[in-house]
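Asks: Counting from 402, one number per residue, gives the positions in the sequence shown under our numbering. C-beta atoms are modelled at their ideal positions from N, C-alpha and C, and glycine is treated no differently. Remember, predicted model here, so these are calculated numbers, not experimental data.
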Amino acid sequence: MNDQFQILSDFKGFGNPNGKIWFVGLEEATNFETDFDQILKGYSIEYIPAEKGSIQKDAKKYGNSYTKVYDVMAKIMTGLFPKTDWRTYRNNLLLTKEGNEFQMNLYPLGKKSLNAWPEFYQRQFGFKTKQEYLTKVQADRFPGLYNYWKKNAPDFTICFGIGNIDDFKKAFKLNTEFELSESNLYLFPTDKVLITPFFDNRNMGQDRIDKTVTTIQNLFTKNSNNEKT
Numbered sequence: 402m403n404d405q406f407q408i409l410s411d412f413k414g415f416g417n418p419n420g421k422i423w424f425v426g427l428e429e430a431t432n433f434e435t436d437f438d439q440i441l442k443g444y445s446i447e448y449i450p451a452e453k454g455s456i457q458k459d460a461k462k463y464g465n466s467y468t469k470v471y472d473v474m475a476k477i478m479t480g481l482f483p484k485t486d487w488r489t490y491r492n493n494l495l496l497t498k499e500g501n502e503f504q505m506n507l508y509p510l511g512k513k514s515l516n517a518w519p520e521f522y523q524r525q526f527g528f529k530t531k532q533e534y535l536t537k538v539q540a541d542r543f544p545g546l547y548n549y550w551k552k553n554a555p556d557f558t559i560c561f562g563i564g565n566i567d568d569f570k571k572a573f574k575l576n577t578e579f580e581l582s583e584s585n586l587y588l589f590p591t592d593k594v595l596i597t598p599f600f601d602n603r604n605m606g607q608d609r610i611d612k613t614v615t616t617i618q619n620l621f622t623k624n625s626n627n628e629k630t
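Listed below in C-alpha cells is the structure:
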C-alpha cells in the first residue's frame, strides 16, 4: 500500500452525509486507470456532493443504463419523501449538498466487474492479489466507514448488492436479520439497515422498490409508536 491508496481509502462517498438516508454499494463500476490522476485529486477530500444537473447530463451523454443506480435511488427517495417526481429529484437534488441522502462504497477501487483485478492496481498499489486488497480494506477501511456511519447516524441505510451480504454485515457489524418473504430483501431492524439486490432495472423493478419504501416506512412507524409508549 502507498500514499495514493491511502487517499482513496480515506474517501467516504458522495452527497450529503447529514442526509436521512444512506445508500451503500460495493465499489464503483469503472476502472480508475484512465482518469487516475483526476480521480486521485478529486477524492483527496472526505466526500463530494454532486453538482445540480450533473446526473441528468450523464444520462443524456451516456444513456439511462449509465444512471440506473441513481434512478433507483431517486425512486426510493421520492417514495419516502413524495414532494416531486423521481426524475426531477434525480436531476436536481440527488446526492447534492441540498439532497437528503449520502452514498458510499465499501471498497475504494473501481472495477468493471466485481471479479476483475486489473494489472494496473497490482502495479500501482503493490497488492499481489485481489484477496490481499480485500483483506487490507476490511481491516483498515471498514472500521473508518463504520465510525463515520455511526457519527452521522442516518435514519436508515440501504445496502445494495445482496450477493455480498457478508461484506455489509462485516462493515456495519450487523447481526440479527429478517428475510422478507418473496422480496429478496434482508432487514436489520435494530441497526435500521436493509440489504437489497443490486440497483438496476432487472433486480430492482417497481414492485421491489415499493416493497423497499414500505419496509422503511413501517419501521419508522413502529419505532415512532414505541417511543410514544
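Which class does Y448 belong to by DSSP, given the choice of helix, strand or coil?
Replies: Locating residue 448 in the sequence shown gives position 47, where the first residue counts as 1. Looking at Y448 - three-state DSSP - the assignment turns out to be strand.
Asks: Looking at G420: is its Cβ nearer than 9 Å to the Cβ of F503?
Replies: Position 19 of the sequence shown, counted from the first residue, corresponds to residue 420. Position 102 of the sequence shown, counted from the first residue, corresponds to residue 503. The answer is yes: Cβ separation under 9 Å.
Asks: Identify the continuous alpha helix (DSSP H) that holds T597 and give its terminal residues.
Replies: Counting from one through the sequence shown, the residue named residue 597 turns up at place 196. From DSSP, T597 is part of no alpha helix (DSSP H) but of the beta strand (DSSP E) over V594 to T597.
Asks: Quick check for students: name the residue ranges of the alpha helix (DSSP H) that lie wholly in the region 426-489, counting only runs of 4 or more.
Replies: DSSP runs (the alpha helix (DSSP H)) wholly in the region 426-489: 437-443, 455-463 and 469-481.
Asks: Quick check on the burial criterion: 16 or more other C-beta atoms within 10 angstroms. Buried or exposed for D438?
Replies: Start at 1 with the first residue of the sequence shown, and residue 438 comes out as number 37. So D438 ends up on the exposed side.
Asks: Could you tell me if D568 is buried or exposed, where buried requires 16 or more neighbouring beta carbons within 10 angstroms of its beta carbon?
Replies: On the sequence shown, position 167 is the one that residue 568 refers to. The residue is buried, with at least 16 neighbouring Cβ atoms inside 10 Å.
Asks: Can G414 and Y448 be called in contact, C-beta distance under 9 Å?
Replies: Counted from its first residue, the sequence shown places residue 414 at position 13. Counted from its first residue, the sequence shown places residue 448 at position 47. Yes.
Asks: Please work out which residues of its chain come closer than 6 Å, Cβ to Cβ, to K531, disregarding the five sequence neighbours upstream and downstream, and give them in chain order.
Replies: Residue mapping note: residue 531 aligns to position 130 of the sequence shown, counting from 1. W518.
Asks: In the DSSP output, what is F589 paired with across the bridge?
Replies: Here the question's residue 589 lines up with position 188 in the sequence shown. F589 is bridged to V594.
Asks: On a CA-only basis, which of V425, A430 and P598 is nearest L515? Give me that one, please.
Replies: On the sequence shown, position 114 is the one that residue 515 refers to. Nearest of V425, A430 and P598 to L515, Cα basis: A430.
Asks: Quick check on DSSP: helix, strand or coil for F406?
Replies: On the sequence shown, residue 406 is found 5 positions in, with the first residue counted as 1. Helix, per DSSP.
Asks: Is N506 helix, strand or coil by DSSP?
Replies: For this step, residue 506 is matched to residue 105 along the sequence shown. The answer is strand: DSSP assigns N506 an E or B state.
Asks: Please classify R491: is it buried, with 16 or more other beta-carbons within 10 angstroms of its beta-carbon, or exposed?
Replies: The count along the sequence shown starts at 1 and reaches residue 491 at position 90. Buried.
Asks: Would DSSP call W518 helix, strand or coil?
Replies: In the sequence shown, counting from the first residue as 1, residue 518 sits at position 117. Here W518 sits in coil by DSSP.
Asks: On the three-state DSSP scale, how would you describe G564?
Replies: Residue 564 sits at position 163 when you count from the first residue of the sequence shown. G564 falls in the helix class under three-state DSSP.
Asks: Pull the bridge partners of T558 from the DSSP assignment, please.
Replies: On the sequence shown, position 157 is the one that residue 558 refers to. According to DSSP, which records beta bridges pairwise, T558 is partnered with W423 and V594.
Asks: Only counting the same chain, and skipping five residues up and downstream in sequence, which positions put a Cβ closer than 7 Å to that of F424?
Replies: Numbered from its first residue, the sequence shown carries residue 424 at position 23. Within the same chain, F424 has close Cβ partners M474, E502, Q504, I559 and F561.
Asks: By how many angstroms is the C-alpha of F528 removed from the C-alpha of K484?
Replies: Here residue 484 refers to the residue found at position 83 of the sequence shown. Here residue 528 refers to the residue found at position 127 of the sequence shown. Computed Cα separation, rounded: 47 Å.
Asks: Cα-Cα, which of T622, R603 and T591 is closest to S466?
Replies: Walking along the sequence shown from the start, residue 466 turns up at place 65. Looking at the Cα atoms, R603 is the closest of the given residues.
Asks: Can you tell me whether DSSP reads G606 as helix, strand or coil?
Replies: Counted from its first residue, the sequence shown places residue 606 at position 205. The answer is coil: DSSP assigns G606 none of H, G, I, E or B.
Asks: Would you decide whether T577 is buried or exposed? Buried here means 16 or more other CB atoms lie within 10 Å of its CB.
Replies: Locating residue 577 in the sequence shown gives position 176, where the first residue counts as 1. It is exposed - the Cβ of T577 has fewer than 16 other Cβ atoms within 10 Å.
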